[in-house]
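Each residue of the sequence shown is one higher than the last, beginning at 45 in the working numbering.
All residues carry an ideal CB built from backbone N, CA and C; glycine is no exception.
As the structure is a computational prediction, the values presented were derived from the model and not from experiment.
Worksheet for the structure shown next.
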Amino acid sequence: GIINEYFASLRSRGITDSMMGTWVPMPEGNIPVWGDVDPNDFSANVTKTVQIQKSYFPGSKAAVMLQSMTYPTNGSWANGSYKSLLPFVQSIPKGLINSFGLQGFAWPPTTPDDTAQLDPSVFLRVDFAAEAAHSLGVNNIWLNTGTYNRSYVVSRSSPYTLTSEQRQVVLNGIVQQVEILNGQGFTTAVHLFAEDKSLTDEAIDWSYWPAGLPDSSAGTYVFKTFVHDLKSIGTELWLYDSV
């Protein structure tokens, strides 16, 4: 009832289908922050929400976004693993969803004994994305991804830092993952995290230059190279939130 009321209210305020953009119900539904990582619950909730959305806005768009790594237990970040995302999408009716999003990042150590994950072929499993997209009957895939500058997760005084060269290697690997999807006939976009979130609970700086100072950072060249490489293979770049 409340979902019906919500979309009815939007319609009554003059919102049009084109103004709706793309909606992503329960993003990253395979991570434990939702308190429920049951694939059947996720697919049922997405299906019901989007069906109601499109009953009021038939021309609007909806997407499913899942994390590359799936977590099996409610509320716990333990025992995450890379495995097929099909259980989360296979019961969603074909034609309901317009695009599929896959999230995966170069990730810093989160404990003193942890190691960094810098390989896009591991943290950005495009084979899972392609499998899910085929199941949903969609041709558009977007990748929510990025590589960090500094991480303060383990220590505020001694952040874990990547060099510009290391970041370039990671971004080159992301381009390679995009090329795999493009070679399979998908239309692919990259949604790049590029905001300095050092002072938030996330404690990670995703930016490429200090605010307002693009000429003073070696990361600027890295960013421009990535933009050029994506453009050369016909892939759109979106930014979250700023650089």
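Nearest-angstrom Cα separation, counted from residue j out to residue i
i: Asp82; j: Leu225; result: 28 Å
i: Thr231; j: Ile185; result: 6 Å
i: Val287; j: Val108; result: Confidence at Val287 is low in this model, with a pLDDT of 48, below 50, so its placement is unreliable and no value can be given for it.
i: Gly65; j: Ile47; result: 18 Å
i: Asn84; j: Thr91; result: 11 Å
i: Trp282; j: Asn89; result: 27 Å
i: Thr207; j: Val214; result: 11 Å
i: Phe172; j: Thr269; result: 27 Å
i: Ser165; j: Val198; result: 25 Å
i: Arg169; j: Ala176; result: 11 Å
i: Leu187; j: Ser202; result: 30 Å
i: Asp273; j: Gln147; result: 20 Å
i: His235; j: Tyr284; result: 7 Å
i: Gln212; j: Leu162; result: 11 Å
i: Ile277; j: Ala233; result: 11 Å
i: Ala106; j: Val219; result: 25 Å
i: Leu54; j: Ile141; result: 20 Å
i: Gln221; j: Val94; result: 29 Å
i: Glu209; j: Phe237; result: 18 Å
i: Asp240; j: Arg194; result: 9 Å
i: Gly370; j: Ser99; result: Lying before the first or after the last residue shown, residue 370 is absent from the chain, which here runs from 45 to 287.
i: Thr114; j: Ser179; result: 18 Å
i: Gln228; j: Asn183; result: 10 Å
Reduced DSSP category for residue i - H, G, I as helix; E, B as strand; rest coil
i: Phe270; result: helix
i: Val287; result: For Val287, the predicted structure reports a pLDDT of 48, less than 50, and the residue's modelled location is therefore unreliable. A value from the coordinates is still provided. In the structure shown, Val287 sits in coil (DSSP, three-state: anything other than H, G, I, E or B).
i: Trp253; result: coil
i: Ser128; result: coil
i: Trp151; result: strand
i: Lys275; result: helix
i: Val108; result: strand
i: Gln134; result: coil
i: Ser87; result: helix
i: Ser56; result: helix
i: Phe144; result: strand
i: Thr93; result: helix
i: Val81; result: coil
DSSP beta-bridge partners of residue i
i: Lys241; result: Ile248
i: Glu72; result: Note: Glu72 sits in no beta bridge, so no partner.
i: Trp67; result: Ala106
i: Thr114; result: Ser125
i: Val234; result: Leu187, Leu281
Within-8 Å CB hit, residue i to chain C
i: Glu223; result: Looking for chain C here will not work: only one protein chain is present.
Ranges of the alpha helix (DSSP H) found wholly within the stretch 168-227, counting only runs of at least 4: 170-180, 208-227
Under 8 Å: do the stretch 118-133 and the stretch 57-71 share three or more Cβ pairs, one atom per stretch? At 8 Å Cβ cutoff, the stretches do not touch.
Pair every Cβ in the stretch 152-169 with every Cβ in the stretch 72-80, then say whether three or more of these pairs are closer than 8 Å. no
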